[in-house]
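Chemist:
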Amino acid sequence: MQRITEDIKTGQLKQIYLLYGEEAYLVRQYRDRLMEAMLSGGDKMNVNRYEGKGVSVPEIIDMSETLPFFADRRVIFITDSGLFKSGGEKMAEYLSNPSESAYFVFTESEVDKRSKLYKAVQAKGYAAEFGEQDENTLKRWAAGILARENMKITESTVQLFLGKTGTDMENIQMELEKLICYCMGREVVT
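If you count the sequence shown from 1, position 143 lands on 143 in my numbering, and the numbers rise without skipping.
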């Protein structure tokens, strides 16, 4: 995560990113941050999205060879394609020498680290795994969200809160929004 954040801050973006893992909330957050960094001024013309197991690799390759329209790059988002489990050989071959103006962001729930495509991404870009976060990280994250709203929470209260919500960050965020609304005007969540 820190490496992607650093790439965005410095503007030195890799041509290929693979975001995968159990924590879908973090995958989406970093995908959106990469999209914002790669596309200047909300450019929608040079974005292509492909989703699902039936994506056509030749179509993706053809699109990546198409020059961007009044921009520096064409950004291609590929979501849950299954290419990192099987059938990604053609894509791996293409990614060894892609068009200079094509940038790729893959988001997958599962990958096979032995696949040719995974190895190609590691050679030319960056692969980031977003696993389930530990309890201490979730506590700090929840306390940070509350702090932005000028609220505090005790250790025992945040532990009880996480015991009720579980470790899914999407669910925690939704429940925190409800909690913030319910505790509006209070300084400490009890």
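We treat Cβ as the ideally placed atom computed from N, Cα and C, and that holds for glycine. Since the model is a prediction, treat every value here as computed from it, not as a measurement.
#1: Going by CA-CA distance only, name the one from Arg49, Tyr50, Lys116, Glu36 that's closest to glycine 87.
#2: In terms of residue numbering, what span does the beta strand (DSSP E) encompassing threonine 79 cover?
#3: Can you tell me where the alpha helix (DSSP H) with valine 27 in it begins and where it stops?
#4: How far does the alpha helix (DSSP H) with arginine 49 in it extend, from its first residue to its last?
#5: Under 8 angstroms, do lysine 124 and glutamine 15 count as touching if we go by C-beta distance?
#6: Less than 6 angstroms between C-beta atoms, sequence neighbours within five positions excluded: which residues of the same chain meet that for phenylalanine 77?
#7: Near glutamate 132, what residues of its chain come up, given a Cβ to Cβ distance below 7 angstroms and the 5 sequence neighbours on each side ignored?
#8: Can you grab the Cα-Cα spacing for the pair glycine 52 / arginine 3, in whole Å?
Modeler: Result, derived from the coordinates:
#1: Lys116
#2: 74-79
#3: Counting along the chain, valine 27 sits inside the alpha helix (DSSP H) bounded by residues 24-38.
#4: Unbroken run through arginine 49 is the beta strand (DSSP E), 47-51; no alpha helix (DSSP H).
#5: Contact flag set, yes.
#6: Arg49, Val105
#7: Glu22, Glu23, Thr167
#8: 27 angstroms
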